[in-house]
Amino acid sequence: MNDRSPRNPFEDMPFSYREYKNGTISISFNDREIMTLKGKSAQKYANRLDNADDLESQMILAKVTGNFKHGNERDGKNSS
Numbered sequence: 024m025n026d027r028s029p030r031n032p033f034e035d036m037p038f039s040y041r042e043y044k045n046g047t048i049s050i051s052f053n054d055r056e057i058m059t060l061k062g063k064s065a066q067k068y069a070n071r072l073d074n075a076d077d078l079e080s081q082m083i084l085a086k087v088t089g090n091f092k093h094g095n096e097r098d099g100k101n102s103s
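If you read the sequence shown in our numbering, its first letter stands for residue 24, the second for the next number, and so on.
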């Protein structure tokens with residue numbers, strides 16, 4: 024059984040990011056790089072991430088990568 028709360032999928036902090044000198048942002052999920060932002064989109068999200076706390080940054084990264092559930096999706100038939 025999974026001990027993680029379905030209401031708070033970010034308590035394990037699955038997302039991380041790294042900012043580079045050239046302005047590029049590399050986003051990782053469970054220590055695996057999944058996306059790179061460059062240019063204006065990198066600047067936009069860098070400003071948001073700099074002003075966010077840990078939970079907020081997890082939500083921002085989930086939204087920018089598209090890797091989040093909308094609340095009405097089921098995990099599967101056999102999950103409880």
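Even for Gly, the Cβ is constructed at its ideal location relative to N, Cα and C.
Legend entry - Through-space distance from ASN53 to VAL46, alpha-carbon basis: Mapped onto the sequence shown, residue 46 falls at position 23. Mapped onto the sequence shown, residue 53 falls at position 30. It is Gly, not Val, that sits at residue 46 in the sequence shown. Distance from the CA of GLY46 to the CA of ASN53, rounded to the nearest whole angstrom, comes to 23 Å.
Legend entry - Euclidean distance between Cα positions of ALA69 and MET36: In the sequence shown, residue 69 corresponds to position 46, counting from 1. In the sequence shown, residue 36 corresponds to position 13, counting from 1. In a straight line, the C-alpha of ALA69 is about 18 Å away from that of MET36.
Inset, instruction - Starting from the C-beta of GLU42, find all residues in its chain whose C-beta is less than 7 Å away, skip the five residues before and the five after it, and write them out in chain order. - result: For the purposes of this step, residue 42 is taken as the residue at position 19 of the sequence shown. Cβ within range, chain order: ILE48, ALA69.
Legend entry - Unbroken beta strand (DSSP E) run spanning MET58, endpoints: Locating residue 58 in the sequence shown gives position 35, where the first residue counts as 1. From DSSP, the beta strand (DSSP E) with MET58 extends over 55 to 60.
Inset, instruction - Kindly identify the DSSP beta-bridge partner or partners of TYR40. - result: As a position in the sequence shown, residue 40 is number 17, starting the count at 1. TYR40 is bridged to ILE50.
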